[in-house]
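Trainee:
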Amino acid sequence: MADKPNIYAPEIWSDPHPFYASLRREAPVSQVEPGGMWAVTRYEDVLHVLKNPQLFSSEGFRPAVQPAWLQQRNPVADSILMMDPPTHTRLRALITRTFSASGVARLEPSIRDSARSIVDGMLERRRVDFMESMALVLPSRAMSALLGLDPSLAPRFKTWAHAVTGVGIVPAEDMKRRTELTGYLEELKHHLTSVLELRQREPGNDVVTDLLQARAQGGSMSDDELLGYCVLLLVAGLETTYDLLGMCALTLTDDPDLWARLKKDRALIPRFVEEVLRFHAPSQSTIRTTTQETELGGVRLPKGATLLVQFVSANRDESVFPNAHRFDLERTGSPHLTFGQGIHFCVGAPLARMEARLALEALLEQCDRMVREPGPVKWNVAITTRGPAVLPLELFPA
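Written as structure tokens, this is what we have:
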């Protein structure tokens, strides 16, 4: 391809799958804009990158969230998302200890109650924006409980998450937006630092307390690393679930037969969620940097090359997933890569899956059907995630 395509161009972002299918066929490792990054599009190559951190460094993610114009530290730049072994190994062990299956399970009753009350409120209004009414509210409440944040701050969470992830794609001429994002980052750091200071004095039943206690018992984690992890948990826990819930609702409203199948057999919900994760890949990509000259997909890459590792493409690789462009509840075989693989597999994956399951259970129990307003979908644009920006629905009670 002579001209580097811009993957954030509206004609690609609105439906990226035909574009990535052509890359898989013609140029599976090729340069794209912005920034001349190398898009990695085939499943085998994506898996190779994820499983070889010694060749493909996670520190390549840092410039995407810490652009030169930003005159302060983006706290997520100090999170494990941007780290390689041995630092990553040290922090991952500490975090895995605190963010355990039992730690996530203790949230299930409150999340189930939240999902049911949210659906009650949606049914009272009948016509709602699903993204604002459910996709944002449910994970915001979960993050408040998990991090010990004041629930009244929940309306700010999405703004903060967009600030953390959006700084890397702000045009140079948009000084107003840059100033806004800088202010939002300062606000986010202020509130999370306040939580950390409070939990030092008054332990609570949350992950922040767990991390502080683990550190006090000999776990090694600096103040910047602790703040960075809390920011990462807030952003990833909100953004991934927000987009996943939106994609679930979009899929069900576009295919009433799927709604009917799930309503008849709720045991299919986890399988449905996994196929949404594969088919739509709410977490679209991650970023890596080559640590030395290497070959990938038949292309010789120089040391320091920035790779855009495309889960959205790998999950539709026809050589791995038969009938890859068909949504299939009976699909078996290779796992999707939406939560990554290897040492950076998403620690919050069980929570995102649980929130999606509980939201769908509440919708299917309390609603007879959901109908989407006709018209094209407006999409959120972010570095690594994709989902509906708004999703106007009409809900009918069961």
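This note's numbering puts the sequence shown at residues 22 to 419.
C-beta: ideal position from N, C-alpha, C; glycine also.
Under a three-way DSSP split, which group does Val67 fall into?
Mentor: By 1-based counting over the sequence shown, the position of residue 67 is 46. Three-state result, Val67: helix.
Trainee: How far does the beta strand (DSSP E) with Arg390 in it reach, from first residue to last?
Mentor: Here residue 390 is taken as the residue at index 369 of the sequence shown, counted from 1. Segment 388-393, the beta strand (DSSP E) holding Arg390.
Trainee: Which of the three DSSP states, helix, strand or coil, is assigned to Val158?
Mentor: Indexing the sequence shown from 1 puts residue 158 at position 137. Reduced to three states, the DSSP call for Val158 is helix.
Trainee: Okay, do the stretch 101-114 and the stretch 356-363 touch, 3+ Cβ pairs below 8 Å being the bar?
Mentor: At 8 Å Cβ cutoff, the stretches do not touch.
Trainee: Who are the near neighbours of Glu129 in its chain, counting only those whose CB is closer than 8 Å to its CB and skipping five residues on each side?
Mentor: By 1-based counting over the sequence shown, the position of residue 129 is 108. Counting only Cβ-Cβ distances below 8 Å, and skipping sequence neighbours, we find Met375, Leu379.
Trainee: For the stretch 72-102, list the alpha helix (DSSP H) runs that are entirely contained and at least 4 residues long, ordered along the chain.
Mentor: Entirely contained in the stretch 72-102, the alpha helix (DSSP H) runs reaching 4 residues are, in chain order, 83-86.
Trainee: Just to confirm, are Arg393 and Phe417 a CB contact at a threshold of 9 Å?
Mentor: As a working mapping, residue 393 is identified with position 372 in the sequence shown. As a working mapping, residue 417 is identified with position 396 in the sequence shown. Not a contact, by the Cβ cut-off of 9 Å.
Trainee: Using CA atoms only, rank isn't needed, just tell me which of Ile404, Trp400, Gln387 is closest to Glu145.
Mentor: Taking the sequence shown and counting its residues from 1, the one referred to as residue 145 is at position 124. Of the listed residues, the one whose Cα sits closest to Glu145 is Gln387.
Trainee: What are the boundary residues of the beta strand (DSSP E) that Arg198 is part of?
Mentor: Indexing the sequence shown from 1 puts residue 198 at position 177. Taken as a continuous stretch (DSSP letters only), Arg198 belongs to no beta strand (DSSP E), being part of the alpha helix (DSSP H) at 196-222.
Trainee: Relative to the C-alpha of Ala383, which residue among Val86, Pro74, Leu159 is closest?
Mentor: For the purposes of this step, residue 383 is taken as the residue at position 362 of the sequence shown. Checked all of Val86, Pro74, Leu159; the closest Cα to Ala383 is Leu159.
Trainee: Taking all protein chains shown into account, decide if Val216 is buried (16 or more other Cβ within 10 angstroms of its Cβ) or exposed.
Mentor: Mapped onto the sequence shown, residue 216 falls at position 195. Buried is the call here.
Trainee: Just mark Gly319 as buried or exposed, buried being the case when its beta carbon has 16 or more other beta carbons within 10 Å.
Mentor: Counted from its first residue, the sequence shown places residue 319 at position 298. Per the 10 Å Cβ criterion, exposed.
Trainee: With DSSP as the reference, label Thr353 as helix, strand or coil.
Mentor: As a working mapping, residue 353 is identified with position 332 in the sequence shown. Reduced to three states, the DSSP call for Thr353 is coil.
Trainee: Assign Met22 to one of three DSSP states: helix, strand, or coil.
Mentor: The residue given as residue 22 occupies position 1 in the sequence shown. Because the pLDDT of Met22 is 47, which lies under 50, any placement of that residue in the model is unreliable, and the number read from its coordinates should be weighed accordingly. If DSSP states are grouped into helix, strand and coil, Met22 belongs with coil.
Trainee: For Cys367, I'd like the list of residues in its chain whose CB is within less than 8 Å of its CB, leaving aside the five on either flank, ordered along the chain.
Mentor: Taking the first residue of the sequence shown as 1, we reach residue 367 at position 346. Only Ala257, Thr261, Ser304, Phe360, Gly361, Ala373 meet the Cβ criterion.
Trainee: Under the DSSP definition of a beta bridge, which residues are partnered with Asp150?
Mentor: For the purposes of this step, residue 150 is identified with residue 129 of the sequence shown, where counting begins at 1. Bridge partners of Asp150: Pro413.
Trainee: Buried or exposed: which applies to Ser78, given that a residue is buried once 16 or more other Cβ atoms fall within 10 Å of its Cβ?
Mentor: The sequence position of residue 78 within the sequence shown is 57, counting from 1. Counting Cβ neighbours within 10 Å, Ser78 comes out buried, since at least 16 surround it.
Trainee: Is any heavy atom of the ligand SAH found at a distance shorter than 8 Å from the C-beta of Pro74?
Mentor: The ligand SAH is not part of this structure, which contains no ligands at all.
Trainee: When you compare the CB of Arg199 with every CB in chain D, is at least one pair closer than 9 Å?
Mentor: Any reference to chain D falls outside this structure, which holds one protein chain only.
Trainee: Which residues mark the beginning and the end of the alpha helix (DSSP H) in which Glu260 is found?
Mentor: The residue given as residue 260 occupies position 239 in the sequence shown. Per DSSP, Glu260 belongs to the alpha helix (DSSP H) from 244-275.
Trainee: Just to confirm my understanding: we take Ala403, look at its own chain, exclude 5 residues before and 5 after, and list those with CB closer than 6 Å. What are they?
Mentor: Indexing the sequence shown from 1 puts residue 403 at position 382. Correct list, in chain order: Thr186.
Trainee: Who are the Cβ neighbours of Trp34 in its own chain at under 8 Å, not counting the five residues just before and after it?
Mentor: Within the sequence shown, residue 34 is the residue found at index 13, counting from 1. The answer, listed in chain order, is Ile28, Trp400, Val402, Arg407.
Trainee: Can you tell me whether Gln234 is helix, strand or coil according to DSSP?
Mentor: As a first step, residue 234 is located in the sequence shown; it is residue number 213 there, counting from the start. Gln234: helix per DSSP, three-state reduction.
Trainee: Are the beta-carbon atoms of Arg299 and Arg347 separated by less than 9 Å?
Mentor: Here residue 299 is taken as the residue at index 278 of the sequence shown, counted from 1. Here residue 347 is taken as the residue at index 326 of the sequence shown, counted from 1. Not a contact, by the Cβ cut-off of 9 Å.
Trainee: Which residue wins for smallest C-alpha separation from Val398, given the options Leu350, Pro277, Leu271?
Mentor: Indexing the sequence shown from 1 puts residue 398 at position 377. Comparing Cα positions, the closest option is Leu271.
Trainee: Can you list, in chain order, the residues of its chain whose CB lies under 7 Å from that of Phe178, leaving out five sequence neighbours each side?
Mentor: Translated into positions along the sequence shown, residue 178 becomes position 157. Excluding sequence neighbours, Phe178 sits near Ser161, Met164, Leu255, Leu259.
Trainee: If you follow the alpha helix (DSSP H) that Thr186 is in, where does it begin and where does it stop?
Mentor: The residue given as residue 186 occupies position 165 in the sequence shown. First-last of the alpha helix (DSSP H) with Thr186: 175-187.
Trainee: Alpha carbon to alpha carbon, what distance is there between Asp231 and Pro74?
Mentor: By 1-based counting over the sequence shown, the position of residue 74 is 53. By 1-based counting over the sequence shown, the position of residue 231 is 210. Their Cα atoms are separated by approximately 28 Å.
Trainee: Using only the alpha-carbon positions, how far apart do Leu322 and Ser131 sit?
Mentor: The residue labelled residue 322 in the question sits at position 301 within the sequence shown. The residue labelled residue 131 in the question sits at position 110 within the sequence shown. Spanning the two alpha carbons is a distance of roughly 49 Å.
Trainee: To the nearest angstrom, how far is the alpha carbon of Asp227 from that of Val97?
Mentor: Here residue 227 refers to the residue found at position 206 when the sequence shown is read from its first residue. Here residue 97 refers to the residue found at position 76 when the sequence shown is read from its first residue. The straight-line gap from Cα to Cα measures roughly 20 Å.
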